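Step one of this worksheet: look at the structure below.
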Amino acid sequence: MASGKVALKLEISVPLYGLAMASFKIFSPDTNREDAVTSIIADRLQNQGRPITATAASDLRDYLVVTSGDATLPVRLDLHWAGRELFEQRKAMIAQHLRQEISDAQAVTVLLIDYVIEHAAVSLVDAIETK
């Protein structure tokens with residue numbers, strides 16, 4: 317591709333779409349970009365902070381059940397080639413942590429959940445430190 321990007325096309329559940337929008341509200345409350353999910357996933361792929369494996373595999377499996385659903389919406393993530401490679405690495409790491417094969421949509425789910433968990437933890441620490 318001339319743009320240096322690759323499209324990752326997947327179907328996500330309606331509950332996962334809700335999670336994605338909630339994540340975006342946390343990620344960038346002042347911006348309403350059409351690539352909201354792509355921006356969050358790109359951020360998660362570059363994240364050097366709290367590892368995804370810090371969340372118990374059983375909890376992540378429970379989140380995957382909660383965010384699954386019959387109705388789906390098409391989503392396209394436009395990742396840079398390097399981002400796609402990082403995505404595949406993170407997906408493999410998540411699958412190993414969960415001890416099960418996962419789809420691209422499930423990997424996106426875990427990355428979004430990880431973002432929300434990390435943000436909630438940072439907000440809680442900030443609130444405690446300012447008191």
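Quick note: the sequence shown, position 90, residue 406 per this note's numbering, numbers continuous.
Ideal Cβ placement from N, Cα and C applies to all residues, glycine included.
Since this is a predicted model, take the numbers as computed values, not measurements.
Q: With a 10 Å radius around its C-beta and 16 neighbouring C-beta atoms as the bar for buried, classify Val330 as buried or exposed.
A: exposed
Q.
Quick check on the DSSP output: the beta strand (DSSP E) that includes Ile328 runs from which residue to which?
A. 321-329
Q) When the Cα atoms are used, what is the spatial distance from Gly385 to Ile357? A) 21 Å
**Q.** Outcome for Val426 when other beta-carbon atoms lying within 10 angstroms are tallied against a minimum of 16
**A.** buried
Q: Within the same chain, show all residues whose beta-carbon is closer than 8 Å to that of Ser419, passing over the 5 residues directly before and after it, in chain order.
A: Leu326
Q | C-beta contact flag for Val391 and Val432 at 9 Å | A | no
Q: Please report the residue range of the alpha helix (DSSP H) in which Arg406 lies.
A: 397-414
Q) With 16 as the cutoff for other CB atoms within 10 Å, does Glu401 come out buried or exposed? A) exposed
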